[in-house]
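Residue numbers (my numbering): 5 to 561. Idealized CB from N, CA, C, for every residue including glycine.
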């Protein structure tokens with residue numbers, strides 16, 4: 005009886021501590037946002053933070069933007085459940101930065117002004133290209149937003165001790181998750197509409213510092229638990245997983261050998277290849293990452309910010325190995341999936357286990373869980389703010405100012421439309437997230453990467469490097485790649501026909517792969533080539549001007 009009472013007291017303490025820490029973080033970030041709103045006077049301030057951030061600050065903010073719920077919650081969860089195969093996400097997300105650094109960071113900073121479409125439309129007809137870019141930006145951002153909101157729902161259910169069959173404030177587990185998603189959506193709308201890029205950037209810097217600190221502390225505790233012996237950590241993880249040595253080898257989730265079914269084996273291996281291509285190429289096409297290059301004053305600062313980001317992000321992804329295998333060893337796959345089927349709560353559950361071991365009993369566990377969960381929540385809020393800012397900026401600057409108003413809109417009108425757009429996009433993301441709660445958040449982000457690499461990347465690379473490229477090619481590349489990715493996802497096992505699908509009780513899937521990148525990315529490049537060749541439009545002088553600007557920064561804003 006006394007044990008039960010102690011457990012209940014511990015869970016109540018955890019709830020109170022968590023709610024207190026969360027409210028403190030929200031109060032601090034809202035204060036930053038209100039302060040930033042007073043510094044936000046022009047469109048450049050709203051969209052690009054007045055181009056006032058240093059390479060280090062922007063590198064921290066990029067890290068804050070990139071190390072999302074998918075990285076902290078999703079990758080740790082996939083490694084905890086699938087071992088070696090989960091680490092493929094860490095490798096893919098990190099290697100992708102080299103593509104961004106070598107191919108787009110400096111050139112984009114020199115060529116554009118506020119959005120990705122500024123580069124694409126520089127030597128082409130404004131209206132069709134900007135419309136296509138706005139559609140693409142919003143689609144990618146919503147896929148990415150889904151991942152963050154789903155992570156938020158899973159996290160808060162764990163924090164408040166809400167499991168299937170239990171209630172909180174009269175709400176059952178499902179309703180509580182949905183209420184969380186709505187609350188996160190409301191906060192992200194406030195960050196963007198009030199603080200603009202300055203507020204969002206400072207929130208991301210604070211969050212990157214907190215997340216790195218939390219991940220380092222947890223990694224050190226996991227290693228200390230095993231006396232810094234990686235071999236015994238991996239051995240315990242394999243034993244506790246229930247899968248034995250297979251846990252430490254490829255083939256549990258991707259490239260699975262299906263005895264007697266050569267076709268199924270082939271599809272599984274192709275799915276792995278498709279995922280790898282999407283992860284590596286996706287970053288260079290993500291709108292919320294691309295707009296970060298406009299917040300620095302020079303191309304050199306853009307390069308420096310990517311180098312800082314690679315250092316921060318690379319260190320973090322190495323830490324996810326310890327977090328994932330630590331969760332497998334100390335929490336166990338059964339306990340993780342009992343709380344969240346997709347494994348999104350593995351890292352916070354590991355924090356609770358470490359807290360109990362190192363700081364004594366349920367109170368120690370509750371304290372560390374509360375701290376790590378508050379950090380994870382900070383992660384989600386910072387990333388959703390960046391995504392909402394990217395899509396609302398594109399709607400206001402590209403679609404409203406340059407397509408509807410044909411460049412005649414005032415800065416004040418543009419910023420007002422951006423704020424209204426943030427409200428609309430937030431509402432759409434909230435509604436869709438409620439249906440996507442059964443999916444792993446790292447997996448959802450991989451889909452966003454595939455969509456970005458299929459539609460945006462071909463158009464950006466062709467525009468920067470192909471003299472013959474024209475308006476028709478840009479429009480074909482964006483819509484072709486985007487449509488291919490979205491259609492293939494819709495008819496894949498991600499949406500229907502599988503126990504973990506968005507609609508598990510229905511089955512209309514015919515595309516066998518979970519990730520569309522293998523088909524949709526080459527298709528996007530092919531569409532861009534066909535569209536260009538079929539059109540006679542050709543402006544070599546404008547390309548020469550873009551090339552000089554991209555390489556030297558001459559004439560850049």
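Do residue i and residue j have their C-beta atoms within less than 8 Å of each other?
| i | j | result |
| --- | --- | --- |
| residue 438 | residue 182 | yes |
| residue 275 | residue 517 | yes |
| residue 486 | residue 455 | yes |
| residue 76 | residue 215 | yes |
| residue 212 | residue 316 | yes |
| residue 66 | residue 293 | yes |
| residue 324 | residue 100 | no |
| residue 554 | residue 114 | yes |
| residue 463 | residue 527 | no |
| residue 81 | residue 502 | no |
| residue 282 | residue 519 | yes |
| residue 88 | residue 254 | yes |
| residue 312 | residue 64 | yes |
By Cβ distance below 8 Å, which residues in the same chain neighbour residue i in space, the five residues on each side in sequence not counted?
| i | result |
| --- | --- |
| residue 4 | Nothing can be reported for residue 4: it is not among the residues displayed for the chain, which extend from 5 to 561. |
| residue 284 | 96, 99, 100, 103 |
| residue 69 | 208, 292, 293, 296, 386, 387, 390 |
Leaving out five residues before and five after residue i in sequence, what residues of the same chain have Cβ atoms less than 7 Å from its Cβ?
| i | result |
| --- | --- |
| residue 61 | 209 |
| residue 534 | 480 |
| residue 466 | 473, 477, 481, 532 |
| residue 5 | Any reading at residue 5 must be qualified, since the residue scores a pLDDT of 43, below 50, and its modelled position is unreliable; the value itself is stated next. Excluding residues within five positions, none has a Cβ falling inside 7 Å. |
| residue 361 | 229 |
| residue 372 | 355, 356, 358, 359, 363 |
| residue 483 | 136 |
| residue 8 | At residue 8, the pLDDT of 43 sits below 50, so the modelled position is not reliable; the number obtained from the coordinates is stated separately. Correct list: empty, nothing qualifies. |
| residue 329 | 83, 237, 238, 241 |
| residue 413 | 404, 405 |
| residue 493 | 451, 499, 520 |
| residue 249 | 242 |
Give every residue of the same chain whose Cβ lies closer than 6 Å to the Cβ of residue i, excluding the five residues on either side of it in the sequence, and list them in chain order.
| i | result |
| --- | --- |
| residue 121 | 134, 137, 402 |
| residue 41 | 198, 199 |
| residue 406 | 130, 134 |
| residue 10 | Confidence at residue 10 is low in this model, with a pLDDT of 48, below 50, so its placement is unreliable and the value that follows should be read with caution. Contacts found: none. |
| residue 512 | 500 |
| residue 25 | 374, 378 |
| residue 268 | 262 |
In the DSSP assignment, find the alpha helix (DSSP H) that holds residue i and state where it starts and stops.
| i | result |
| --- | --- |
| residue 101 | 91-103 |
| residue 82 | 80-86 |
| residue 228 | 200-229 |
| residue 111 | 109-115 |
| residue 499 | No alpha helix (DSSP H) contains residue 499, which DSSP labels as neither H nor E. |
| residue 269 | 266-286 |
| residue 239 | 234-245 |
| residue 174 | Run containing residue 174: none; DSSP gives neither H nor E here. |
| residue 64 | 59-70 |
| residue 402 | Residue 402 -> no alpha helix (DSSP H), and no H or E assigned at all. |
| residue 511 | No alpha helix (DSSP H) holds residue 511; DSSP gives it neither H nor E. |
| residue 293 | 291-294 |
| residue 123 | 120-124 |
Could you confirm whether any beta carbon from chain D is found closer than 8 Å to the beta carbon of residue i?
| i | result |
| --- | --- |
| residue 543 | Looking at the structure shown, chain D is missing, and only one protein chain is on hand. |
Handout entry: Within the stretch 316-367, ranges of the alpha helix (DSSP H) (whole runs, at least 4 residues)
Key = If we require 4 residues or more, the alpha helix (DSSP H) runs fully inside the stretch 316-367 come out as 337-343, 350-363.
Handout entry: At least 3 beta-carbon pairs within less than 8 Å: the stretch 426-437 vs the stretch 487-502
Key = Short answer: they don't touch.
Problem - Validate contact between the stretch 145-158 and the stretch 385-392 using beta carbons, cut 8 Å, 3 pairs - result: At 8 Å Cβ cutoff, the stretches touch.
Problem - Whole alpha helix (DSSP H) elements within the stretch 433-486, 4-residue minimum - result: 445-469, all fully within the stretch 433-486.
Practice task
Give, in chain order, every unbroken run of the alpha helix (DSSP H) that is at least 4 residues long and sits entirely within the stretch 523-557.
Solution key: For secondary structure counted as the alpha helix (DSSP H) over 4 or more consecutive residues, the stretch 523-557 holds these complete runs in sequence order: 544-556.
Exercise for the section: Kindly confirm or deny that the stretch 238-246 and the stretch 323-337 touch, where touching means at least three C-beta pairs closer than 8 Å. Expected result: They touch, by the three-pair rule.
Problem - Touch test, the stretch 381-389 against the stretch 152-160, Cβ-Cβ under 8 Å, three pairs minimum - result: Yes, the stretch 381-389 touches the stretch 152-160.
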